[in-house]
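> Just so we're aligned, residue 1 is where the sequence shown starts under full-length UniProt numbering, counting upward by one.
All C-beta atoms, glycine included, are put in the ideal place defined by N, C-alpha and C.
The model shown is predicted, which means the values in this text are computed figures rather than measured ones.
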Amino acid sequence: MTILIIVDEVSHGDKLIYECLDRSLHDTRAKKSLFEGVCVLFVGDRKQILSVVKRGSRARIVQVTLKTLYIWRSVTELSLKKTMRVQNSSDANFATYLSDIVSGQCSFSNSLTNVIRNKPDYVLEMSSISEICKFVSYDLSENDKIASWLCSRAVIDTRACLKRHLNIHKSEKK
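(1) By alpha-carbon positions, which one of Y18, S11, G37 and S79 ends up nearest to residue 187?
(2) Between G13 and S57, how many whole angstroms is the CB-CB distance? I'm expecting something under 8 Å.
(3) If you draw a straight line from the alpha carbon of I71 to that of K54, how long is it in whole angstroms?
(4) Cα separation between F135 and A92?
(5) Enumerate in chain order the residues of its own chain whose CB-to-CB distance from D45 is below 7 Å, with the five nearest sequence positions on each side excluded.
(6) With distances taken Cα to Cα, identify the nearest neighbour of residue 180 among K15, A95 and L34.
(7) Under a three-way DSSP split, which group does L16 fall into?
(8) If you drop the 5 nearest sequence neighbours on each side, which residues of the same chain put their C-beta closer than 8 Å to that of T28?
(9) Where does I5 fall in DSSP's three states?
(10) Applying the criterion that 16 or more other CB atoms from any shown protein chain within 10 Å of the CB defines a buried residue, is Y138 buried or exposed?
(11) I'd like to know whether the C-beta atoms of E9 and V62 end up nearer to each other than 9 Å.
(12) Closest to H165 by C-alpha separation, out of D144, I132, Y97 and L150, would be which residue?
(13) Who are the Cβ neighbours of S141 in its own chain at under 7 Å, not counting the five residues just before and after it?
(14) Go ahead and label L78 buried or exposed: buried means 16 or more other beta carbons lie within 10 angstroms of its beta carbon, across all protein chains shown.
(15) Check for me: the beta strand (DSSP E) holding F42 runs from which residue to which?
(16) When DSSP labels each residue in this structure, what does K67 get in the three-state scheme?
Here it is, written out as structure tokens:
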């Protein structure tokens, strides 16, 4: 019998997913409690991007989050104090830079040519979406199994500005 369910990347999911999980457990068990007594661990970063709602306003996007569901009243929220990936990073400058992004100490613009002000040396300036696509995907078929190569192609886009441009670029290429 299931005693624990772990849901990762919870901030990406529509609240209906979690309501469906609760109702499904109600259908299969005799208890009348939240998730029928199964411990559910929701894991995620509230600073990450929320669920994608097609043509959704801010209010509509917030409306589909777990925090607006009846389940949230019973959630015990715990927070990490340290990010071990950053703390154990061999590149101290990069670790500090990530922490600055998370805490809002970096300033951003919507321009493609000046994405991050006060940027460290490892942030590349690209003048077009095509240039970014070429950088990320160059030699992908030969290197797609090499973790270090894939990591060197990572793109940080904290305000989803680049994502919008990439989606438009991708749809125009079809």
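Taking the structure as given:
(1) Outside the modelled stretch of the chain, which goes from 1 to 174, sits residue 187, for which no answer is possible.
(2) With 8 Å as the limit, G13 and S57 do not qualify as a contact, their Cβ atoms being about 19 Å apart.
(3) Each residue's alpha carbon lies about 24 Å from the other.
(4) 25 Å
(5) S11
(6) Residue 180 is absent from the model: the chain starts at 1 and stops at 174.
(7) helix
(8) E36
(9) strand
(10) exposed
(11) no
(12) Sorting D144, I132, Y97 and L150 by C-alpha distance to the C-alpha of H165 places I132 at the top.
(13) none
(14) exposed
(15) C39 to F42 is the extent of the beta strand (DSSP E) around F42.
(16) Taken through DSSP and simplified to helix, strand or coil, K67 comes out as helix.
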